[in-house]
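Residue numbers (the working numbering): 393 to 606.
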């Protein structure tokens, strides 16, 4: 009986040892799992995984203007303004280029008119002064007899000058400073004179035929 009792006491520590070892193993496993959980959680918080940032962004609610303070709204507005200001010089340069092109075309148009056939120019300008283009024949006869449509025609017996033979020629300065050489300036003055004095080109031509001048 003492032998069995001794054997029983000797086996108890062995089973206790196994239970303690099992508890230690379970504890270590729990610690390992906990540590793994912490690492995973840290990865989510720090955004180390490539897809985690997108998922977190999708999970966050959209920010509306109502969620922002007045200062935050002002800051965003300043950012947009700075962005627009960065692009504005390109638009300004484009507008400047367009204006320069338009100015160039205007200068070219003025030069073309100065070189244009005076008869073609006069026919085009007649309606502007209330004179029908159908009366161009009368105007052609009138100014062909006066100057031969020459911008530098100078009457040797008087101071009459230019296509309409303004007397004196300096009167045409009221139509433009280039009255001595520009056919458009001279024609505009001459058409204005005819419209004001005679009303029509044919009336002016009729008066010239009867009086030798107009």
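Every residue, glycine too, gets a C-beta built ideally from N, C-alpha and C.
Assigned secondary structure, residue 585 (DSSP; H/G/I helix, E/B strand, else coil): As a first step, residue 585 is located in the chain shown; it is residue number 193 there, counting from the start. If DSSP states are grouped into helix, strand and coil, residue 585 belongs with the helices.
Whole angstroms is fine: what's the gap from residue 568's alpha carbon to residue 575's? In the chain shown, residue 568 corresponds to position 176, counting from 1. In the chain shown, residue 575 corresponds to position 183, counting from 1. The straight-line gap from Cα to Cα measures roughly 11 Å.
Taking contact to mean at least 3 C-beta pairs separated by less than 8 Å, is the region 518-530 in contact with the region 538-558? no
Considering only the beta carbon of each residue, do residue 534 and residue 580 sit closer than 8 Å? Taking the chain shown and counting its residues from 1, the one referred to as residue 534 is at position 142. Taking the chain shown and counting its residues from 1, the one referred to as residue 580 is at position 188. No; because the gap between Cβ atoms is not below 8 Å, this pair is not in contact.
So is residue 586 buried or exposed if we call it buried at 16+ other beta carbons inside 10 Å? Residue 586 sits at position 194 when you count from the first residue of the chain shown. Taking a 10 Å sphere around the C-beta of residue 586, we find 16 or more other C-beta atoms and assign the residue as buried.
Given that a residue counts as buried once 16 or more other Cβ atoms are within 10 Å of its Cβ, and exposed if not, what is residue 602? Start at 1 with the first residue of the chain shown, and residue 602 comes out as number 210. Around the beta-carbon of residue 602, fewer than 16 other beta-carbon atoms lie within 10 Å, marking it exposed.
So what's residue 567 in DSSP terms, helix, strand or just coil? Taking the chain shown and counting its residues from 1, one reaches residue 567 at position 175. Correct three-state label for residue 567: helix.
Within 10 angstroms of the Cβ of residue 577, are there 16 or more other Cβ atoms? Answer buried if so, exposed if not. Residue mapping note: residue 577 aligns to position 185 of the chain shown, counting from 1. The residue is buried, with at least 16 neighbouring Cβ atoms inside 10 Å.
Relative to the alpha-carbon of residue 509, which residue among 536, 521 and 541 has its alpha-carbon at the smallest distance? Against the chain shown, residue 509 aligns to sequence position 117. Selected option, being the one with the closest Cα: 541.
For residue 543, is the classification buried or exposed, using 16 other Cβ atoms within 10 angstroms of its Cβ as the cut-off for buried? Here residue 543 corresponds to residue number 151 of the chain shown, with the count starting at 1. Residue 543 is buried by the Cβ-count criterion.
Could you tell me the distance, in whole angstroms, from the CA atom of residue 531 to the CA atom of residue 520? Translated into positions along the chain shown, residue 531 becomes position 139. Translated into positions along the chain shown, residue 520 becomes position 128. Near 15 Å, if we compare the C-alpha coordinates of residue 520 and residue 531.
Taking its Cβ as the centre, do 16 or more other Cβ atoms sit within 10 Å of residue 539, making it buried, or is it exposed? Here residue 539 corresponds to residue number 147 of the chain shown, with the count starting at 1. Under this definition residue 539 is a buried residue.
Have a look at residue 584 and residue 548 and give me their C-alpha separation to the nearest angstrom. Numbered from its first residue, the chain shown carries residue 584 at position 192. Numbered from its first residue, the chain shown carries residue 548 at position 156. Those two C-alpha atoms are separated by around 25 Å.
In whole angstroms, give me the CA-to-CA distance for residue 606 and residue 507. As a working note, residue 606 is residue 214 in the chain shown. As a working note, residue 507 is residue 115 in the chain shown. Going by C-alpha positions, residue 606 is about 27 Å away from residue 507.
Does the Cβ of residue 561 have 16 or more other Cβ atoms within 10 Å, making it buried, or fewer, making it exposed? As a working mapping, residue 561 is identified with position 169 in the chain shown. Flag for residue 561 reads buried.
Among all the DSSP beta bridges, which residues are the ones paired with residue 558? Position 166 of the chain shown, counting from 1, holds the residue named residue 558. In DSSP, residue 558 forms a bridge with 553.
Should residue 582 go down as buried or exposed, given a rule of 16 or more other Cβ atoms within 10 Å for buried? For the purposes of this step, residue 582 is identified with residue 190 of the chain shown, where counting begins at 1. Buried.
Specify the secondary structure class of residue 509 as computed by DSSP and reduced to three states. As a first step, residue 509 is located in the chain shown; it is residue number 117 there, counting from the start. The answer is coil: DSSP assigns residue 509 none of H, G, I, E or B.
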